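Structure first, commentary second.
As structure tokens, this is what we get:
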């Protein structure tokens, strides 16, 4: 690299962080930074040859130890290896995955590879990557492009890196969580769609996206709705959130939950798990819910059910679980108690209006990573966790391994089904058959 290029990178490094080396330590300017002009100068062939992009490859040994422990808590995935490793039903599949790069996901990736697939991976959230897990997968020779604390631009860059494999061949399967990879291919790389045999979608938000695409005619690939498999939604969404929500709040704030008033927005499976957890820790829980059936369920469980306009005046802790936009807005923040804790456990950062806080706060103090304390004009403070993104992954380690074994076993089954029985699935959104294999 010439002196001029290096000076140019130093001048513009703060604008955009996109990896072009292999690890943080390889960057000659600042760790993991490159400006847009430098990124655009890369040839596609150079970009395609990147083996991986992680925060610190030296974390691989730690990551592998954690993965080995997780395997003992993930019997579903280990059984899949036992049943199918010899026959390799995914041989020939080039799976691009966009799902939280955690220790549990590493067990999923290893399983897909054991069943014959080539795999490339990015995370579906800028804060959810566990860097030691990503390093372990990279060390195993599997291309992974993920690190905790990506910018939005880096996030999209990472997804782009998973579209073409080392031999120049494009992906032919998608394993998605939230729909960002699916949407990227449909909108920016439609030429790849004809070669993709199927999509398996992990979460409620991504499933809603698929049904919307199907309704407007933009979906071009058969998809399996993994989220609504009973062994996913009734376990991951409910029991996973019941444990990981509290973990996130506690690690971020160390707040005493007992005696507090907790407001849970939404009473679907995720909301049910969150409400149970907060109640079990001694909080008085208020539910806000627009669906009359879910609202009645909450009432029958003994929860007070009201609107956010009323609840915002009473709560100490607020949790959004809906997957919908603008659940907590500026007018709600202005009426909250001093040092109210606000967090989200829905997939995207659209439920809490963090932009309003950033635009209207008198002062913002970053207490520690993913914990920000805003001073409002009325003198009260709001504590926002994970910038309104997934609190259980931004501030903690996500769901426990055992419940993720349920979800990820469904993902493996969906990938096998779409890959080996392609003709059974026309373009549309399908439910995973209760009996497969």
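In this note's numbering, the protein residues as written are 586 to 1022.
Here a beta-carbon is modelled for each residue, glycine too, at the ideal position from N, C-alpha and C.
All values reported here derive from a predicted model rather than from experimental measurement.
Which residues DSSP lists as bridging residue i, in chain order
i	result
residue 947	Residue 947 pairs with nothing; no bridge assigned.
residue 1000	In the DSSP output, where bridge partners are listed per residue, residue 1000 has none listed.
residue 679	703
residue 638	730
residue 755	749
residue 783	758
residue 891	873
residue 929	905, 975
residue 959	949, 967
residue 808	784, 1014
Rounded separation between residue i and residue j - CA only
i	j	result
residue 839	residue 669	44 Å
residue 703	residue 754	11 Å
residue 737	residue 937	17 Å
residue 778	residue 998	22 Å
residue 962	residue 902	20 Å
residue 988	residue 706	21 Å
residue 766	residue 783	13 Å
residue 572	residue 1019	Since the first residue shown for the chain is 586 and the last is 1022, residue 572 is missing from the structure and cannot be characterised.
residue 799	residue 805	8 Å
residue 864	residue 662	32 Å
residue 807	residue 769	16 Å
residue 932	residue 853	14 Å
residue 958	residue 996	38 Å
residue 698	residue 680	10 Å
residue 1006	residue 776	23 Å
residue 632	residue 870	Its pLDDT being 46, under 50, residue 632 is placed unreliably in this model, and the coordinates cannot settle the point.
residue 647	residue 687	13 Å
residue 821	residue 843	25 Å
residue 892	residue 912	10 Å
residue 917	residue 823	27 Å
residue 674	residue 664	14 Å
residue 622	residue 960	Here the model assigns residue 622 a pLDDT of 38, short of 50, so the residue's position is not dependable, and the following value carries that caveat. Going from the Cα of residue 622 to the Cα of residue 960 covers about 37 Å.
residue 750	residue 882	48 Å
residue 880	residue 873	8 Å
residue 643	residue 780	36 Å
residue 925	residue 685	28 Å
residue 888	residue 857	11 Å
residue 693	residue 802	31 Å
residue 609	residue 742	Interpretation of residue 609 is limited by its pLDDT of 36, a score under 50 that renders its predicted location unreliable; the figure taken from the coordinates is listed afterwards. So the two alpha carbons sit approximately 16 Å from each other.
Cβ distance (whole Å) where residue i is taken to contact residue j below 8 Å
i	j	result
residue 744	residue 683	6 Å
residue 860	residue 956	Wrong, their Cβ atoms sit about 23 Å apart, outside the cutoff.
residue 811	residue 847	About 30 Å; that fails the 8 Å criterion.
residue 809	residue 829	Incorrect: roughly 25 Å between the Cβ atoms, too far for contact.
residue 910	residue 855	With 8 Å as the limit, residue 910 and residue 855 do not qualify as a contact, their Cβ atoms being about 16 Å apart.
residue 723	residue 639	5 Å
residue 1089	residue 771	Residue 1089 lies beyond the residue range present for the chain, which begins at 586 and ends at 1022; the question has no answer from this structure.
residue 862	residue 845	The Cβ separation is near 13 Å, so there is no contact.
residue 914	residue 941	7 Å
Residue burial classification, residue i (beta-carbon count within 10 angstroms, cutoff 16)
i	result
residue 964	exposed
residue 952	exposed
residue 943	exposed
residue 708	buried
residue 876	exposed
residue 885	exposed
residue 841	exposed
CB contact check: residue i to chain C, cutoff 8 Å
i	result
residue 829	No chain C is part of this structure, which consists of one protein chain only.
message: At 4 residues or longer, what runs of the alpha helix (DSSP H) sit wholly inside the region 828 to 875?
response: 854 to 865
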